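Numbering-wise (the numbering used here), the sequence shown opens with residue 41 and increments by one. Think of the CB as a built atom: it goes at the ideal place given N, C-alpha and C, for glycine as much as any other residue. Please read these numbers as outputs of a predicted model, since none were measured by experiment. The block underneath contains the structure these notes are about, expressed in structure tokens.
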Amino acid sequence: MSVYERINIELSRIVKSARCAFAKRLAQRSAGKGEAMKLKVSPPLYLAGMKVSCWRRNSRMPVVALVAPHVAGKEGQVCVLSNIEEIPQEILLFIQKRVPTFQLRSSLMGGSRYFANTCPSCHVIYGDSFLHSEPGAPFFPESNEAAKSLYLTEIQLSDPIEIQALPGIGVGELILSNGKRICGLRAAGWGRATASIRYRIG
Ligand SMILES: [Zn+2]
Numbered sequence: 041m042s043v044y045e046r047i048n049i050e051l052s053r054i055v056k057s058a059r060c061a062f063a064k065r066l067a068q069r070s071a072g073k074g075e076a077m078k079l080k081v082s083p084p085l086y087l088a089g090m091k092v093s094c095w096r097r098n099s100r101m102p103v104v105a106l107v108a109p110h111v112a113g114k115e116g117q118v119c120v121l122s123n124i125e126e127i128p129q130e131i132l133l134f135i136q137k138r139v140p141t142f143q144l145r146s147s148l149m150g151g152s153r154y155f156a157n158t159c160p161s162c163h164v165i166y167g168d169s170f171l172h173s174e175p176g177a178p179f180f181p182e183s184n185e186a187a188k189s190l191y192l193t194e195i196q197l198s199d200p201i202e203i204q205a206l207p208g209i210g211v212g213e214l215i216l217s218n219g220k221r222i223c224g225l226r227a228a229g230w231g232r233a234t235a236s237i238r239y240r241i242g
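In structure tokens:
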């Protein structure tokens, strides 16, 4: 059992035993909506992203997420993965080559540790719950137009992989059909050049 699974079990135990609303809120915040789980992901796998304003100092920062159309047990659903706790090294390298600020960090509320989008200038975390769970958030687009702000590139996979993450369901299809497809090479400057790529394509 991984340390993350143990933490999740500990958190659920705290939530169950304590009638304290604060502990419950804390557990929900730290694990997003639910708990990260081991997912078997078959190709294709996509990296989606855009630039947002850092909530602390308003500077621009890249944020990314994984979009997985084939997750075992979620057939017919395109999943958007958040709260990624474990990921194969080669996938992580693919992401970090483009967005080095995607890093393993503890959530601000403590508890879980996941690969988070961090600000290149002030290093603060833009938490996955804010990027994924609120309608209108970067990875929770509510319209075709909003989904068009995202760019997408395929991460080449030959075999199924395992990712420990939270599989978000509902908007993956919208992102896949509207996101701007960019190729790997063009995406090399993602961390810096996303805005110009967004306006040039389409
Ligand atoms: Zn910042």
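Who are the near neighbours of residue i in its chain, counting only those whose CB is closer than 6 angstroms to its CB and skipping five residues on each side?
i      : result
Tyr86  : Val107, Leu192 and Glu194
Thr141 : Thr158 and Pro160
Val99  : Rather than Val, the amino acid found at residue 99 in this sequence is Ser. If we look at Ser99 and ignore the five residues flanking it on each side, its Cβ neighbours are Ser161.
Gly72  : Reliability fails at Gly72, whose pLDDT of 45 lies under 50, so the model's placement of it is uncertain and no value is given.
Pro109 : Val118
May I ask you to check if the CB of residue i is nearer than 7 angstroms to at least one heavy atom of ligand 1?
i      : result
Arg96  : yes
Gly92  : With the sequence shown as reference, residue 92 is identified as Val, and Gly is not the correct amino acid for it. No, since every heavy atom of ligand 1 falls outside the 7 angstroms radius drawn around the Cβ of Val92.
Val164 : yes
Cys223 : no
Ser243 : Residue coverage of the chain in this structure runs from 41 to 242, which leaves residue 243 outside it and unanswerable.
Met149 : no
Met77  : no
Ser99  : yes
Using beta-carbon positions only, say whether residue i and residue j come within less than 8 angstroms of one another.
i      : j      : result
Pro181 : Val211 : yes
Leu197 : Ile215 : no
Pro178 : Val81  : no
His172 : Gly219 : no
Val118 : Glu185 : no
Val104 : Gly89  : yes
Around the Cβ of residue i, are there at least 16 other Cβ atoms within 10 angstroms (buried) or fewer (exposed)?
i      : result
Ala187 : buried
Pro175 : exposed
Phe62  : Low per-residue confidence applies at Phe62: pLDDT is 40, beneath 50, and the placement is therefore not dependable enough to give any value.
Cys223 : exposed
Glu115 : exposed
Glu75  : buried
Give me, in chain order, the residues of the same chain whose beta-carbon lies closer than 7 angstroms to that of residue i; leave out the 5 immediate sequence neighbours on both sides.
i      : result
Phe155 : Ile124, Ile127, Phe142, Gln143 and Leu144
Could you pull out every residue in the same chain whose Cβ sits closer than 8 angstroms to the Cβ of residue i, ignoring the five residues on either side in sequence?
i      : result
Glu202 : Lys78, Leu79, Lys80, Val81, Glu126 and Pro128
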